[in-house]
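In short: position in the sequence shown from 1, add 14, done, that's the numbering used here.
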Amino acid sequence: MKKTIAFLLSLIMTLSLLTACSTQKEPNSPNKGGNTSDPSNLKIGLVLTGSANDGGWNQMAADAASTVAAKYGCTVNFSESVATTDIENTIRGYADAGYDIVFAHGAELFDASKQVSKDYPDTKFINSCAFSGQEPNLTGVDFGAYELGFLNGLACAYATEAKKVGVIIAVESDSMLTWVEGIKDAVKYVDESIEVVVVATGSFDDPIKAKQATDAMASKGCDVITQNADACGNGAVEECDTLGLVNVGAVGDQSAYGESCFLSVIQDAHQGIAAAIDEAINGTLKPGPVVMGANANVVYLTGYTGKYANLLTDEEKATLQSVWQQAHDGVDLHTLTK
15 MKKTIAFLLS LIMTLSLLTA CSTQKEPNSP NKGGNTSDPS NLKIGLVLTG
65 SANDGGWNQM AADAASTVAA KYGCTVNFSE SVATTDIENT IRGYADAGYD
115 IVFAHGAELF DASKQVSKDY PDTKFINSCA FSGQEPNLTG VDFGAYELGF
165 LNGLACAYAT EAKKVGVIIA VESDSMLTWV EGIKDAVKYV DESIEVVVVA
215 TGSFDDPIKA KQATDAMASK GCDVITQNAD ACGNGAVEEC DTLGLVNVGA
265 VGDQSAYGES CFLSVIQDAH QGIAAAIDEA INGTLKPGPV VMGANANVVY
315 LTGYTGKYAN LLTDEEKATL QSVWQQAHDG VDLHTLTK
């Protein structure tokens with residue numbers, strides 16, 4: 015009965031069928047772990063806690079699913095804006111329906127992935143923003159959270175005149191706290207006297223909360239803001255425009271939301287997810303932790319744009335590029351501050 019309820023929940027929450035293949039399993043048929051000899055027979059489920067049209071983190075995942083579907087002709091379904099209370103049931107619903115690969119997008123889904131994967135040993139589970147996995151069938155993929163934060167922190171440290179940097183996150187997940195750690199280490203690397211103020215909005219999709227957080231940090235003297243909160247974070251860029259603050263984007267290119275965003279550090283989940291699923295389809299993805307950051311061109315810098323495009327000196331811009339290159343070449347950025 016529990017499995018039936020979970021499956022029904024997944025059907026209700028699955029909002030988009032990207033593409034269908036000619037041969038599909040019956041919903042309650044036992045899953046055999048995928049037929050990689052004919053990828054068009056595979057069924058892949060993607061679970062998102064935000065909107066598939068957020069212009070950033072979740073949309074990258076949805077677009078990656080489209081890329082995989084187009085490449086292999088397989089069935090890919092996704093569930094978006096899944097509430098915290100429904101995460102485990104949604105993941106379980108895909109597994110119970112005979113899906114071969116289930117991709118859970120975000121650190122906040124990892125506990126549910128660990129729990130469900132135990133019950134479906136023949137299904138491949140992948141969880142992004144995770145620093146560990148679980149034998150025999152759960153892979154945790156880290157898209158370079160620390161590298162992302164370090165590059166964000168460098169840009170913020172170079173940009174601030176008040177020596178106060180505001181950092182907005184959605185929740186205090188392992189991945190976001192690792193991003194914050196990278197920011198703090200980079201700021202210290204540039205100038206130990208710079209203060210970092212961190213606020214968690216508690217939301218991935220409410221821009222008003224990010225605007226309120228920006229207002230609060232501006233009142234504390236922060237003149238540079240950076241954010242990692244999906245669609246919620248876009249409100250911070252808009253508010254920086256209103257208040258005359260400088261903004262550094264993260265994850266997606268956030269310059270579209272305001273002239274104050276002069277640089278974004280991209281975390282290209284589209285490329286990382288497509289690569290991870292591709293490896294799962296071809297049988298080369300192993301359970302346990304996997305890192306796909308700057309080394310896999312998942313983390314990179316945009317060009318400089320907006321009203322503050324020339325805020326950094328040529329030397330500072332060169333340092334940012336040099337640090338990215340080191341990460342791309344496999345250098346652990348933690349070592350730069352030792």
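Just so you know, even glycine gets a beta-carbon here, dropped at the ideal spot from N, CA and C.
- In this structure, DSSP gives L259 a state outside helix and strand, which the three-state scheme calls coil.
- With distances taken between CA atoms, N248 lies nearest to A184 out of S51, V116, Q129, A184.
- Scanning its chain for C-beta atoms nearer than 6 Å, with the 5 sequence neighbours on each side dropped, one finds around V305 the residues D156, in chain order.
- Using a C-beta cut-off of 8 Å, the segment 194-207 makes no contact with the segment 223-230, since fewer than three inter-stretch Cβ pairs fall below that distance.
- In this structure, DSSP gives L162 a helical state, which the three-state scheme calls helix.
- The C-beta distance from I115 to K138 rounds to 5 Å, short enough to meet the 8 Å contact threshold.
- Here H119 is buried. Its C-beta has 16 or more other C-beta atoms within 10 Å.
- Contact annotation: the segment 144-164 touches the segment 287-305, with at least three C-beta pairs closer than 8 Å.
- Fully enclosed alpha helix (DSSP H) runs of no fewer than 4 residues occupy 221-233, 244-257 of the segment 201-279, in order along the chain.
- Going by C-alpha positions, F276 is about 27 Å away from I287.
- Here D282 carries a coil assignment [DSSP, helix/strand/coil].
- Less than 7 Å divides the Cβ of G263 from the Cβ of S278.
- Under DSSP, K178 forms a beta bridge with E209.
- Restricting attention to N67, A109, N72, the CA atom closest to the CA of Q281 is found in N72.
- By DSSP's assignment, P301 forms no beta bridge with any residue.
- One Cα belongs to G235, the other to E209, and the distance between them is close to 10 Å.
- Around the CB of P53, 16 or more other CB atoms lie within 10 Å, so the residue is classed as buried.
- Distances from the alpha-carbon of T319 to those of V212, V260, H348 put V260 closest.
- Between the C-alpha atoms of W338 and A111 there is a straight-line separation of about 42 Å.
- DSSP links I58 through a beta bridge to V90, I115.
- For D188, same chain residues with a beta-carbon under 6 Å away, outside a window of 5 residues either side, are A121 in chain order.
- Taking V204 as the centre and dropping the five residues before and after it, the same chain places the C-beta of A171 closer than 6 Å to its C-beta, in chain order.
- DSSP places L315 within a strand segment (E or B) once states are collapsed to three.
- For L152, the enclosing beta strand (DSSP E) stretches over residues 152-156.
- The criterion of a C-beta distance shorter than 7 Å is satisfied by A173 and V238.
- Under the DSSP definition of a beta bridge, K138 partners with I115.
- M231 has its alpha-carbon roughly 8 Å from the corresponding atom of V213.
- Between G158 and V265, the CB-CB gap reaches or exceeds 7 Å.
- Counting along the chain, Y322 sits inside no alpha helix (DSSP H), nor does DSSP assign it H or E at all.
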